[in-house]
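Colleague: From first to last, the protein sequence lines stand for chains F and C.
Numbering that gives the first Met the number 0 applies: residue 0 is where the first sequence begins, and numbers increase by one.
Numbering that gives the first Met the number 0 applies: residue 0 is where the second sequence begins, and numbers increase by one.
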Amino acid sequence: MEPQDVDLRAPFGPLALPNPLLTAAGCAGRELAKFVPLDALGAVTTRTVMPRPRAGHPTPRAAATPAGLLTALGLPGPGIEAFAERELPWLAERGARVVVSIAGERIEEFAALAGRLGGLPGVVGLELNIGGPSHADLGLVFAANPAISYDLVRAVRRAAPAELPVYAKLAPDVLSITDIAAACVRAGADGLSMINTVPGLEIDPDTLRPALAAGPGGLSGPAVRPVALRCVHLVHSAMLAGRLPTVPILGMGGITGGLDALAFAAAGASAVAIGSALLHDPTAPLRILDELRTALAARGLAAFTDAVGLAHRRD
Amino acid sequence: MAHPVRCRAEVVGCAAEGAYQRLVLRAPEAAPRVRPGHFASLAGEHPVVRDAVPIARADAAAGTLELVVAGGPRTGTVDLIAPLGTPFPLTDEPVRALLVGHGAHSAPLLALGEQLKARGGQLGFLLGAPTAAALHGVERAGALTQDVLVVTEDGSAGLTGLVFEPLAQAARAIDASVVFAAGPPDVLAPTAAVAADLGIRCWALLATDLPCGTGLCAACVVPVIGADGVSRFARACTEGPVFDGTRVRWADIGTVPADLEGV
């Protein structure tokens, strides 16, 4: 088996992705296109789009931590109308398959965004940012409660065109991520993105105050990889055991190389996304795909799909 | 922004300059695209964040970049992305320019001064630092103009005080039509204020933490008044690091002003 013979195609629910590597929400756009052709990615996930323009949090918004990055941006963005007029057409012109990350302050806002985005050029899916550290300080955590998650996903599923897949992005800091995953899938989620950033705090040694202006933040980077792998493995196990319907999982959290991507596939991810790796190396996607091809070939795996869920096999 | 290039750049020179090292990096693809004010981003040991360093000068023919950095000598190769950011604006007409730099942040002003002089411009330098050892570029500035004023906070070289304190006097002395400044916000804010009082342009290269340097992380935002009069957050790494000093809301850095629009 030679690396160039490996089939990287990644069916992801109704999507036929050319490869399994996506960008995580908020880490792609015009800046990334200077380093990587956006159509070379499996898909591109936008930063979270909300109904209205938001400035986000003051600075400092980021702090480097051991093997990670703590951030609290506060969901800055231009709002849905400016996104639809300016950002989305630009992405679509470049042939990017666009997964739009959306969030609202109420369930009705999520549903309205889903309705607005359906049918727009380039949009291949919606990712519901239903709860992360960015939300916690806004008093918005939908993902911590199965019943609220269910209502939210159901409302979006009804508002979005039937052919547009809807993915729920799950937070890792919940009592039972399997319960949340089950609620989302039963409500009609076509897939699950795991994980959102991990809540964290850093103290500035000089001021002895929180290092970020917002106080707490979300941790990403290699530090969270085992946390994310556990979540993917746990939910995939529950699917295999029939405790929730099987839907594809988009795995993310600290992936920096092909072996990381392969580990997520083995744990049960049908596709993977990178975020903080792009901050360190905006050319990472092509390298990671090369490394993934090599890693699959070295293990005698002819296709990426052959690796999905391998960690659960008993033989 | 010029199209940036990522490469492994060989360190082909490293020489101590005062408290700093001048690194010469071989980056033949990047060098011809560099303009004064562009910066380079270097990867260190941290797996996520990078270090942003203003490019001191670029030699297109030799295919090299020079960076002035703190710390010990370096060898081998570095993971480099360059050029990044929005450089200083240059016009073909000669200008009378005062260049104001703080510590190693003065480095890109020297290459800028060379280009302004080549366009027939007249130059004055105002170079400051906490101590004489932390000054940078005094000799190089002296090779470009006799109008070089040095200021240190402890008085160990030149005038005693902060770099912007003699600014109005220095600007008047050369009848400056524009100020080019480089340093942290506490140097740039008063510099921009003095320039505004004098009614002259001020281009300010903001030295601040740039976790990625490429615009992806959106952590380095500063409140800036747009051409439409509306304030928005601008990323220091992409819209900057060079800003029109009168457009930056210096006193509001680190806050979200109530009238700020989302971006």
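Every residue gets a Cβ at the ideal spot worked out from N, C-alpha and C, and that includes glycine.
#1: Of all the CB atoms in chain C, is at least one closer than 7 Å to the CB of P323/F?
#2: For the stretch 153-163 of chain C against the stretch 78-88 of chain C, are there 3 or more C-beta pairs whose distance is under 8 Å?
#3: Let me make sure I understand the geometry here. Which of G274/F, R242/F, D205/F has the alpha-carbon closest to that of A222/F?
#4: Using a cut-off of 7 Å between C-beta atoms, extract the partners of P46/C located in chain F.
#5: Taking G120/C and R95/C to be in contact with their CB atoms under 8 Å, please state how far apart those CB atoms are, rounded to whole angstroms.
#6: For W202/C, I'd like the list of residues in its chain whose CB is within less than 6 Å of its CB, leaving aside the five on either flank, ordered along the chain.
#7: By the three-class DSSP mapping on this structure, what secondary structure does P198/F have?
#8: Using a Cβ-Cβ cut-off of 7 Å, state whether R5/C counts as contacting chain F.
#9: Listing by chain order, which chain F residues have their CB less than 8 Å from the CB of A15/C?
#10: I'd like to know if L166/C contacts chain F, where contact means its C-beta is closer than 7 Å to some C-beta of that chain.
#11: May I ask you to report which of helix, strand or coil DSSP gives V155/F?
#12: Would you decide whether A15/C is buried or exposed? Buried here means 16 or more other CB atoms lie within 10 Å of its CB.
#13: With DSSP as the reference, label K168/F as helix, strand or coil.
#14: Hey, is T85/C's beta-carbon within less than 7 Å of any beta-carbon in chain F?
#15: Starting from the beta carbon of L40/F, find every residue of chain C whose beta carbon is closer than 9 Å, and list them in chain order.
#16: Provide the residue span of the beta strand (DSSP E) that contains V223/C, from first to last.
#17: My understanding is that A169/C touches L125/C, with C-beta atoms under 8 Å, so please give their C-beta distance in whole angstroms.
#18: Could you give the uninterrupted runs of the alpha helix (DSSP H) lying entirely in the stretch 145-186 of chain C, keeping only those of 4 residues or more?
#19: Between the Cα of A172/C and those of G182/C, V147/C, D185/C, spot the shortest distance and give me the residue it belongs to.
#20: For A266/F and H232/F, which I take to be in contact (beta-carbon distance under 8 Å), what is that distance rounded to the nearest angstrom?
#21: Can you check which of these residues, A301/F, D6/F, A264/F, G256/F, is closest to I248/F by C-alpha distance?
#22: Quick one: what does DSSP say L318/F is sitting in, helix, strand or coil?
#23: Looking at chain F, is there any beta carbon in it that lies within less than 7 Å of the beta carbon of G12/C?
#24: Would you list, in sequence order, the uninterrupted beta strand (DSSP E) runs of no fewer than 3 residues that lie entirely inside the stretch 207-271 of chain F?
Modeller: The answer reads as follows:
#1: Nothing about residue 323/F can be reported from this structure: the residues present for chain F run from 0 to 314 only.
#2: no
#3: G274/F
#4: A66, G220, P221, T255, H279
#5: 7 Å
#6: F87, F179, V241
#7: strand
#8: yes
#9: Here the premise fails: no neighbours, minimum Cβ distance about 27 Å.
#10: no
#11: helix
#12: exposed
#13: strand
#14: no
#15: Within 9 Å Cβ-Cβ: nothing; L40/F doesn't reach chain C, min ~14 Å.
#16: 220-224
#17: 5 Å
#18: 166-172
#19: V147/C
#20: 4 Å
#21: A264/F
#22: Residue 318/F cannot be examined here, being either before or after the span of chain F that is shown, 0 to 314.
#23: no
#24: 216-219, 248-251
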